[in-house]
Each structure stands twice: as structure tokens, then as C-alpha cells.
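K.L.:
There are 2 protein chains.
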Amino acid sequence: MNQSVQHSFRALGDSTRRAILMQLCEEDLSITEVVEKFELTRTAVRKHLTILEEGNLITVTAIGKERISKLNPEGLKSVAEWFDFFSHFWDSSLNSLKYAAENEALKQLNERSKND
Amino acid sequence: MNQSVQHSFRALGDSTRRAILMQLCEEDLSITEVVEKFELTRTAVRKHLTILEEGNLITVTAIGKERISKLNPEGLKSVAEWFDFFSHFWDSSLNSLKYAAENEALKQLNERSKND
DNA sequence: TTGACATGACACCAAAAGGTGTCATATGGT
DNA sequence: ACCATATGACACCTTTTGGTGTCATGTCAA
């Protein structure tokens with residue numbers, strides 16, 4: 041589960057793969073179709089799709105001689121939910137409380153030097 | 041801006057950096073303090089912090105001879121918002137509409153072969 | 001069965017990533 | 001001034017990563 045998050049983030053770390061994901065928002069694609077839309081070798085595309093599949097961001101279904109890649113909302117949602125861990129921090133009201141109550145180390149430093 | 045998203049995702053692609061981010065949720069840290077909490081060389085930690093800073097996920101403030109790394113909610117929020125692009129897909133009601141209306145390629149394939 | 005067509009499976013490569021160690025520099029306190 | 005502390009800046013190394021090309025395999029249709 042946690043390992044899956046690692047794979048998901050790894051998959052999202054490449055701009056080509058993010059572009060493929062966004063393309064898959066509009067239509068499911070076979071490997072060859074992805075090759076046609078992106079200027080890449082079939083081997084390269086296959087690798088990207090494998091990594092996206094390992095990251096649980098797409099599902100691949102073999103239909104005849106084609107392998108259709110399809111966006112996987114579950115995986116994307118999992119990654120999006122990872123950010124909930126930090127959500128307090130961009131909730132402004134909680135934000136100030138957070139810094140006031142918990143941030144002992146920086147408070148001390150701020151007392152010593154006021155140029156923050 | 042788009043480049044920044046690339047940097048953010050790159051930064052998030054490494055588990056050590058994600059761990060550092062989560063630690064920074066609890067307290068701001070100097071480089072040395074990060075070194076003490078994670079079993080890494082100072083040089084390695086510095087690289088990670090630089091990448092996190094490039095990804096706009098932390099801000100670094102020089103205080104005296106220390107460089108304090110602090111979580112940057114703005115950057116995290118930006119990345120989280122990137123996922124809004126896909127949010128239709130995990131909204132179940134919109135989801136079915138999406139597939140029914142737009143997914144022509146797979147529809148055709150499904151008509152040819154019913155083992156989906 | 002035979003030939004396209006869509007892939008799978010490798011071997012190979014250059015560049016980037018993650019780490020380590022060493023030497024130089026700046027800041028604070030005594 | 002002087003020394004310990006916290007970094008900055010490199011040079012160097014190994015493993016991954018993103019890509020390419022080639023050959024084998026499976027599937028559909030004539």
C-alpha cells in the first residue's frame with residue numbers, strides 16, 4: 041500500500057507520463073496509438089505504460105492483439121488523498137494555530153534573531 | 041509555472057524527500073537536524089533539501105549560521121490542485137457520463153469483443 | 001497457412017539521480 | 001583573534017532512468 045504510493049509518485053515524476061495520463065482522460069489508447077500521439081518509440085511507450093500501471097494509475101486490458109490502456113481513477117485518487125496529510129497547512133485558520141502551538145524550534149530561533 | 045509542477049513532482053518522487061516533508065510538518069529543521077533524524081550524509085540531505093526547494097515544497101531561511109527548512113503549503117497545494125484535472129474521474133456520477141459520452145475508441149473495441 | 005499488425009522480450013547506451021568524502025567558508029561565542 | 005559549528009562547493013562513484021534497435025511471439029484475416 042505504502043509501496044504503491046512510492047510507485048505512483050515515481051510514475052508521476054516524469055512529464056511524458058503525466059502527458060499520457062492527461063491524454064488518457066480523453067480516450068483509452070493502445071500502445072501504438074500512444075506512439076502516434078507522442079514522438080516516442082514503441083519500446084519507450086511500453087516502458088512508460090508499464091510504470092504507469094505499476095503506479096496503479098492506469099489499467100491495461102488485452103483486447104485481441106491490442107492492449108488498451110485506460111485511466112485508473114482509484115490510483116489517482118489514492119495519490120491525491122496522500123496530500124490530505126498536509127491539508128492542515130493550507131487551511132489558513134489551522135495554519136496559524138499550527139505554527140503557534142507546535143513550532144518550538146523555530147520559535148526559539150526567532151527569539152534569538154528577529155530577521156525572519 | 042508548468043516547469044514548477046515538473047520540479048514538484050520530481051521532488052515528490054523520492055521516498056526520503058517525502059519523509060522529510062512529513063517530518064517538516066511537525067517542526068522546522070536545519071540541515072544538521074535533518075541529518076540526525078535520517079540516516080544520511082549532510083551532503084545527501086542538502087541535495088534533497090535543494091530539490092525540495094526547487095520543487096517549491098519547502099522554503100529555506102538563513103538564520104545565523106543555520107539554514108532552516110520549513111514546509112511550504114503553497115507548493116504542496118499547487119501539486120494537490122494538479123489532481124483536480126482528474127477529479128471528474130473519481131466523481132462517480134460524472135464518471136459514468138464521461139465514459140458513455142466520450143470514450144469512442146473503447147466503445148468500438150467493446151462491441152467487437154465482449155470480454156471486458 | 002500465411003502475411004500483416006500489435007506486442008513481448010532483450011541487450012545496449014547515455015544521462016540523471018542518489019550517495020559519499022574532502023576541502024573551503026562563514027558565523028558565534030569565549 | 002581563535003576554535004567549534006553549520007554550511008557551501010566540488011569531484012567521484014554506482015544505480016536508475018529514459019530511450020533505441022532487434023528479434024521472437026501471438027492474433028486476425030484472406
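As they're listed, the protein sequences go chains U and C.
Residue numbering for the first sequence follows our numbering, starting at 41 and increasing by one per position.
Residue numbering for the second sequence follows our numbering, starting at 41 and increasing by one per position.
Glycine included, each C-beta is placed from N, C-alpha and C at the ideal position.
1. Does DSSP put U/Glu-79 in a helix, in a strand, or in coil?
2. For C/Arg-82, count the other beta carbons within 10 Å of its own beta carbon; 16 or more makes it buried, fewer makes it exposed. Which is it?
3. Could you pull the start and end residues of the beta strand (DSSP E) that U/Glu-106 belongs to?
4. Please return the same chain residues whose Cβ sits closer than 7 Å to the Cβ of C/Trp-122, not counting the five positions on each side in sequence.
5. Could you list the residues in the segment 66-83 of chain U with a C-beta less than 9 Å from some C-beta on chain C, going in chain order?
6. Measure the beta-carbon distance from C/Asn-96 to C/Ser-118 and round it to whole angstroms, keeping in mind my assumption that it falls under 8 Å.
7. Should C/Phe-49 and C/Ile-60 be called a contact, given that it needs their Cβ atoms to be closer than 8 Å?
8. Spell out the partners DSSP gives C/Ser-48 in its beta bridges.
9. In the DSSP assignment, what are the bridge partners of C/Ser-70?
10. Would you tell me roughly how many angstroms separate the C-alpha atoms of U/Phe-170 and C/Asn-112, rounded to the nearest one?
11. Return the residues of the segment 96-109 of chain U that lie within a Cβ-Cβ distance of less than 7 Å from chain C, sorted by chain order.
12. So, U/Ser-109 versus U/Leu-52, is the Cβ gap smaller than 8 Å?
13. Please report how far the alpha carbon of U/Val-85 lies from the alpha carbon of U/Ser-55, in whole angstroms.
14. Cα separation between C/Thr-101 and U/Leu-89?
15. For C/Leu-92 versus C/Arg-57, is the C-beta spacing smaller than 8 Å?
16. Classify U/Asp-68: buried if its beta carbon has 16 or more other beta carbons within 10 angstroms, exposed otherwise.
P.N.:
According to the structure shown:
1. Taking the first residue of the first sequence as 1, we reach residue 79 of chain U at position 39. If DSSP states are grouped into helix, strand and coil, U/Glu-79 belongs with coil.
2. Against the second sequence, residue 82 of chain C aligns to sequence position 42. Under this definition C/Arg-82 is an exposed residue.
3. Along the first sequence, one-based indexing puts residue 106 of chain U at 66. Its beta strand (DSSP E) spans residues 106-111.
4. Taking the second sequence and counting its residues from 1, one reaches residue 122 of chain C at position 82. Same-chain partners within the cutoff: Val-45.
5. Glu-66, Glu-67, Asp-68, Leu-69, Ser-70 and Glu-73
6. Walking along the second sequence from the start, residue 96 of chain C turns up at place 56. Walking along the second sequence from the start, residue 118 of chain C turns up at place 78. Indeed they touch by this definition, with Cβ atoms about 7 Å apart.
7. Locating residue 49 of chain C in the second sequence gives position 9, where the first residue counts as 1. Locating residue 60 of chain C in the second sequence gives position 20, where the first residue counts as 1. It is not a contact, given that the beta carbons lie outside the stated cut-off.
8. In the second sequence, counting from the first residue as 1, residue 48 of chain C sits at position 8. Beta-bridge pairing links C/Ser-48 to no other residue.
9. Walking along the second sequence from the start, residue 70 of chain C turns up at place 30. The partner list for C/Ser-70 (beta bridge, DSSP) reads C/Ile-108.
10. Only positions 41 to 156 of chain U appear in the structure, and residue 170 of chain U is not among them; the question remains open.
11. Thr-101, Ile-103, Gly-104 and Ile-108
12. Taking the first residue of the first sequence as 1, we reach residue 109 of chain U at position 69. Taking the first residue of the first sequence as 1, we reach residue 52 of chain U at position 12. Contact: no.
13. The sequence position of residue 85 of chain U within the first sequence is 45, counting from 1. The sequence position of residue 55 of chain U within the first sequence is 15, counting from 1. The straight-line gap from Cα to Cα measures roughly 13 Å.
14. Reading the second sequence from its first residue, position 61 is the one you call residue 101 of chain C. Reading the first sequence from its first residue, position 49 is the one you call residue 89 of chain U. The straight-line gap from Cα to Cα measures roughly 40 Å.
15. Reading the second sequence from its first residue, position 52 is the one you call residue 92 of chain C. Reading the second sequence from its first residue, position 17 is the one you call residue 57 of chain C. Yes.
16. Within the first sequence, residue 68 of chain U is the residue found at index 28, counting from 1. When all chains shown are included, U/Asp-68 counts as buried.
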